[in-house]
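Residue numbers (this note's numbering), protein chains in the order written: chain A, 131 to 321; chain B, 131 to 321.
Glycine residues also receive a C-beta, built at the ideal position from the N, C-alpha and C atoms.
Working notes, beginning with the structure itself.
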DNA sequence: GAGCAAGTAGCACGATTGTGCTAGAACCCG
DNA sequence: CGGGTTCTAGCACAATCGTGCTACTTGCTC
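Structure below.
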């Protein structure tokens, strides 16, 4: 198989192990077993465990970026914002997987320098997106400081919803998530 | 020393290790070393590692509850809400510690059944608090479904702010956190 | 077909883990 | 002062970990 494809397969094996047993459970042996490979074979694609995990975390960002980029966005700003930001909520199993894996990696990034840069990159991307939509929705008459506050408010809301969806999936139906987001965007646009 | 006091000391040693090296780093040996005790001695107070970690996580809830309970709350609902909810934000180092430790434990609760009940307990307490303040602030003329949506919105905002404060402390000054909360409560009260 | 690169497998080593266990020190109460 | 409980310390064991290393197989290229 394509070597780069194989690395993707291994990263997805990491995702599955992480979702099942947490990042602590993602030992080299466990990932190899999950992927149906031997340890030695895995190490032919990833020299160290750190390299493997960084690649698996990077894949989260890439996948989300790619999905958002391939989105057909309406012209109306309000509906455009909802379309894009909806895509960041864990509404189906694919996005739930990305969300849980991302959460596990960011938690470890608190103590693992190798993952910190990736976490910052992901957060910067998301915050910039929030900033852009807030600018578009509140209009130019709003004071710049308000834009900053509203950006961090939207930013925190999105991450909070994602965290809650991971922690209490039973209490966070897709309908609830979208309703909360929609309500917030309404308030943002009608002020 | 008082045995119960000793258990508290050990739990605080867990906190320090968790903040420094993550929950993965909180091995029995590391915690014992941090507390200046031998492994065997630690195991006299906590028979298993799981018991130790559960106690340390429980302490997070207890500490926050205790701090909130000892709060002098203004009569005005809007100011009362801000006073109490402010107390849940990581505005000083004591609350930052609680926040980071709580985050680490909830992340592990995703794959560790022993911690799940405590995570649920903490989340239920926080959501109930949000529900109460939303009811008080929006008034009785609001539809019940709106109250639910606004509750989960406030709930997600608070947790999102806490997560961001832990992940990017440089970008989340106490002023920013309180401003965002205050803005949100304003919107809630003036609708 | 020869030969070299790529892929696969698996052993070995030292380090670290949680916990069971024993033995001695400290303390308190009668 | 004696005796029993509480506390402390530390060893031992099996399990697991990441990684270095070697050997075998596969496949592609002259």
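Query, Result
"Output yes if chain A places a C-beta closer than 8 Å to the C-beta of residue 297 of chain B; else output no.", "yes"
"Return yes when the Cβ of residue 268 of chain A is within less than 8 Å of the Cβ of residue 326 of chain B, no when it is not.", "Outside the modelled stretch of chain B, which goes from 131 to 321, sits residue 326 of chain B, for which no answer is possible."
"Around the Cβ of residue 190 of chain A, are there at least 16 other Cβ atoms within 10 angstroms (buried) or fewer (exposed)?", "buried"
"Below 8 Å on the Cβ atoms is my contact criterion, and I expect residue 221 of chain B with residue 304 of chain B to pass it. Report the Cβ-Cβ distance as a whole number of Å.", "4 Å"
"Using a Cβ cut-off of 9 Å, which residues of the stretch 220 to 237 of chain A contact any Cβ in chain B, in chain order?", "230, 233, 234, 236 and 237"
"Between the beta-carbon of residue 239 of chain B and the beta-carbon of residue 245 of chain B, is there less than 8 Å?", "yes"
"Should the stretch 136 to 145 of chain A be called in touch with the stretch 155 to 166 of chain A, which here means at least 3 C-beta pairs below 8 Å?", "yes"
"Could you compute how far the alpha carbon of residue 293 of chain B sits from the alpha carbon of residue 168 of chain A?", "37 Å"
"For the candidate residues A:288, A:261 and A:289, whose alpha-carbon lies nearest to that of residue 276 of chain A?", "A:261"
"If the cut-off is 8 Å on Cβ atoms, which residues from the stretch 258 to 274 of chain B count as contacting chain A, listed in chain order?", "none"
"If you measure from the beta carbon of residue 279 of chain A to each beta carbon in chain B, is any gap under 8 Å?", "yes"
"Pull up the CB-CB distance for residue 296 of chain B and residue 230 of chain B, whole angstroms please, since I reckon it's below 8 Å.", "5 Å"
"Please confirm if residue 175 of chain A has its CB atom under 8 Å from at least one CB of chain B.", "no"
"To which residues of the same chain is residue 208 of chain A closer than 7 Å at the C-beta, ignoring the five residues directly before and after it?", "267, 315 and 319"
"Please compile the residues from chain A whose C-beta is within a distance smaller than 7 Å of the C-beta of residue 309 of chain B.", "279"
"Between B:317, B:263, B:281 and B:287, which has its C-alpha nearest residue 206 of chain B's C-alpha?", "B:263"
"Have a look at A:136, A:147, A:197 and A:172 and flag the residue whose alpha-carbon is nearest the alpha-carbon of residue 235 of chain A.", "A:147"
"Using three-state DSSP, classify residue 156 of chain A as helix, strand or coil.", "coil"
"Is residue 249 of chain A closer than 8 Å to residue 308 of chain A when the C-beta atoms are compared?", "no"
"Is there a C-beta anywhere in chain B that falls below 8 Å from the one on residue 282 of chain A?", "yes"
"Label residue 212 of chain B either buried or exposed according to how many other C-beta atoms from any shown protein chain fall within 10 Å of its C-beta, with 16 as the threshold for buried.", "buried"
"How would you call residue 192 of chain B, buried or exposed, if buried means at least 16 neighbouring beta carbons within 10 angstroms?", "exposed"
"With H, G and I counted as helix, E and B as strand and the rest as coil, what does DSSP make of residue 320 of chain A?", "coil"
"Looking at chain A, is there any beta carbon in it that lies within less than 8 Å of the beta carbon of residue 163 of chain B?", "no"
"Can you tell me the Cα-Cα spacing of residue 197 of chain B and residue 225 of chain B, whole angstroms?", "10 Å"
"Indicate the three-state DSSP secondary structure (helix, strand or coil) for residue 178 of chain B in the structure shown.", "coil"
"State the start and end residues of the unbroken alpha helix (DSSP H) segment that holds residue 290 of chain B.", "274 to 297"
"Rounded C-beta distance between residue 290 of chain B and residue 252 of chain A? I'm assuming under 8 Å.", "So it is not a contact: roughly 15 Å between Cβ atoms."
"With a threshold of 16 other CB atoms inside 10 Å of the CB of residue 237 of chain B, please say whether the residue is buried or exposed.", "buried"
"To the nearest whole angstrom, what separates the beta carbons of residue 313 of chain A and residue 283 of chain B, a pair I think is in contact under 8 Å?", "7 Å"
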